[in-house]
Structure formats: C-alpha cells, structure tokens
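Chemist:
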Amino acid sequence: MIALASTSVARHGIDAEIDAALSRLEARSQRLGDGAQALASAIRRATDGGKRFRPLLVVAAFETLDGPDIALPALYQVAAAFELLHTAFVVHDDVIDHDTERRGVPNVGGEFRLRASDKGADAAGAALLGDAAAILAGDLLLHEAGRLIALAEIPSTLRAELLALFDEAVLVSAAGELADVENAVSPGEADPDTVLRTTHDKTAVYSFSAPLEAGAVMAEADAPTRHALQRFGQRLGLGYQLIDDLIGAFGTAAASGKDEGCDLREAKKTHLISLARETESWPEVSEALAQAHTGPVAIRAAQVALSASGARARLEDLVCETLDEARAIVTASTLPAACRAMLLELVDAVQERVP
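With my numbering, letter number 345 in the sequence shown gets 1175, and the count goes up by one each step, no holes.
Here's what the structure looks like:
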C-alpha cells in the first residue's frame, strides 16, 4: 500500500474513531458469550496495523480544499468509516479466495479454524466455522462503517450525500468482486474490456474516488470540484489495481502480502492474462500457466513466458497511460494549488509500486 503524508493530529483523530467503534463492538459482545467476544477481538486484529490510506485520503481532500475547522470531529468519524469498509472487504475477499492468512498470520477465518480445531472439530467443521466467522465479521464491519456516517454530527444534506457515496462504493465494489469470480469460474474467456471493467470496479470507487469525494463533501466543495475528484479517483484507482495485477504476477511476497506469483499459482484471469491471450505466444504462455500451481520453478517459467510474450510490457504501458490520464485531469482542473499538488504526488506514489 502507498503512504500518504498526514499530520499526527489527523492520524490520531482517525485512530481514535476506529478504536471507539471497535471498543463499542467489544463491549456489546461481552454479554453474548465467548464466541462473540472472540469475534470482536478478531475484528480488532483485522483492523490493526493498516496505513489508514483511505481515511487519510478523505482528510487530505478536505484539508487541501480548505474545509472548515468546525467540521473536524465529524471529518475523522466519516474518514474512519472508509477504513472499516476496507477491512470488511478484505475479510470477505479472504473468504472468496479461501485464504486463511494475511501477511503471514491467521486472518479472521484462520483464527476461527484454529478455534474449531482446538474444540475438536474436523477439517470440514473448522472450515465452516472459519468461513462463517469471517462473513459475519465483514458484515459487522460494514454495519459499523455505515453507522459512523449515519451518526456524524453534520447537516442532513451532507449526510445524505455521504451515504449516497458510501452506498455506491459498496454496490460497485460488490459487483466488481462478483464479476471477478464469475470470470474465474467460467469455462470461456472474458473479453479484455470486461476484465478491465471488473478491475476498475473492484477498487477504484471505494479506495479512491469515494474517499476523495467524501472529503470534498465535508469541505462543501462545488460540483465541478467533486466531479474532477471523481474522475481522477477512477483513473488512479484503475491504475492502482492494474499495478496490483503486475504485483500478483511478478512482485515479491512482501509487496503482495502473499506468496510470490500468487495470481499465477491461483490461475486468476487478470488483464495481464487477457493481453497475453491476444499474442502469438499464447500457446507457450498457456502451457506455462497450466503448470504454475506446481511450485516456484513453474511460477518463474510462467513469469518468463508472460514477459517474453510482451504482455507485461503492454500492461505497464497501460498503467502509464492511465496514470497520465489522471495527471491530465488534475492539470486541466480548477482545483486549488494545494489539492493539485497532493493529487499529483499521489499519482507518483502509485506509479512507484510498479514491480
């Protein structure tokens, strides 16, 4: 994940709101038994350690648009909602991908698989409990995120706009995730445009355009400002996710949070694969990909085949084009100078992630 410059005040304010939401959940779980308490604790661990990029993006937009200081307490509450939303999606995504660890430690599902095993459950029972706990954890996080916005002390008109943004982010992301799974399980191959749209929908709205627009709403910015931030966030978000595709195929374990070449091992139908399919080298690439699940040597062979086909270079070119489009939106806008500078620095930080 990329870093975003922030003041200690902003980070403290966001962390305090997240902690308050999680503490409330933990306190309310006390009367509901050991399982509920364990779930609340697992949710806190799932939320710990993040760079708080999305909520800091809300604050950065607000501050560089000269938002009023009187809105600061509610701003941190709204910003925190985007971190809880992100954690909810991560927890649910791990269920979809059948992952039981994240960055080398058990995730929510992994913790509850171990809990079930300790209580004598067989493998099927442990998997059932792990998946159930993760789904419920994501549900609770989604609820808490919406609750933070719903109870923020702001004018009703702003609250309605923020809830509309939040609603759209959840819907588009869910549609993108569903399309991604449908593409994966379909025997046929999705066309490149469909894969690209799916890539956009999974991340761009909830991670970039919605947080930026939320900061603009809190700053009571005008419609052209919000529209520029929306368009910028969509292009930047697409570029970010395309880079994730490169990281999933060619990046290190440290960069992906999973084993090196994880997307190749799991045979994910990313835009990188769509581009390779269009080349004359596809038979060789396809054969190499078919063996990638067997281990590191096969993964390396698949990486070499993809690079030799030209697909990697074409995807890197597309990333550059997409990020240049984001820069052009900023340059052509009437955004304040501080906001333009922040957005351009953000594009540079995203581009630095290319493996």
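Note that the Cβ used here is the ideal one computed from N, Cα and C, for glycine as well.
With a CB to CB cut of under 6 Å and the five nearest residues on each side skipped, what residues in its chain are close to ALA901?
Modeler: MET1048
Chemist: I'd like to confirm something about ALA946: is its beta-carbon nearer than 8 Å to some heavy atom of the ligand FAD, or not?
Modeler: Within the structure as shown, the ligand FAD is missing, as the structure has no ligands at all.
Chemist: For my contact list, THR1124 and LEU1072 are in at a C-beta cut-off of 8 Å; report their separation, rounded to the angstrom.
Modeler: Not really, about 27 Å apart at Cβ, beyond 8 Å.
Chemist: Rounded to whole angstroms, what's the CA-CA distance from THR877 to GLU1110? Just pull it up for me.
Modeler: 45 Å
Chemist: Are LEU1186 and GLU974 closer than 9 Å when you measure CB to CB?
Modeler: The structure shown has nothing for residue 1186, since the chain only spans 831 to 1185.
Chemist: For the putative contact between ASP961 and GLY939, defined by C-beta atoms under 8 Å, what is the C-beta separation to the nearest angstrom?
Modeler: 6 Å
Chemist: Taking just the CA atoms, how far does SER1139 sit from TRP1112?
Modeler: 7 Å
Chemist: Rounded to the nearest angstrom, what separates LEU1136 and THR1100 at their Cα positions?
Modeler: 12 Å
Chemist: From LEU1145, LYS1088, CYS1092, GLN1121, pick the residue whose C-alpha is nearest to that of GLU1108; which is it?
Modeler: LEU1145
Chemist: Could you give the distance in angstroms between the alpha-carbon of ALA999 and the alpha-carbon of THR1161?
Modeler: So the two alpha carbons sit approximately 26 Å from each other.
Chemist: Are the CB atoms of GLY1078 and LEU1094 nearer to each other than 9 Å?
Modeler: yes
Chemist: Does the separation of the CB atoms of ASP1041 and GLY1018 fall below 9 Å?
Modeler: For the record, residue 1041 in the displayed sequence is Pro; it is not Asp. No, the pair does not count as a contact, with Cβ atoms beyond the cut-off.
Chemist: Given a cut-off of 9 Å on the beta-carbon distance, is the pair ALA1034 and LYS1098 in contact?
Modeler: Going by C-beta atoms, ALA1034 is not nearer than 9 Å to LYS1098.
Chemist: Between which two residues does the alpha helix (DSSP H) holding TYR906 run?
Modeler: 902 to 926
Chemist: Going residue by residue through the stretch 953 to 1035, where are the continuous alpha helix (DSSP H) segments of at least 4 residues, counting only ones entirely within it?
Modeler: Within the stretch 953 to 1035, the complete alpha helix (DSSP H) runs of at least 4 residues are 953 to 980, 986 to 1015, 1022 to 1034.
Chemist: On the DSSP bridge list, what partners appear for GLU1096?
Modeler: In DSSP, GLU1096 forms no bridge with anything.
Chemist: Thinking C-beta only, is LEU886 closer than 9 Å to ILE926?
Modeler: No, these two residues do not count as a Cβ contact at 9 Å.
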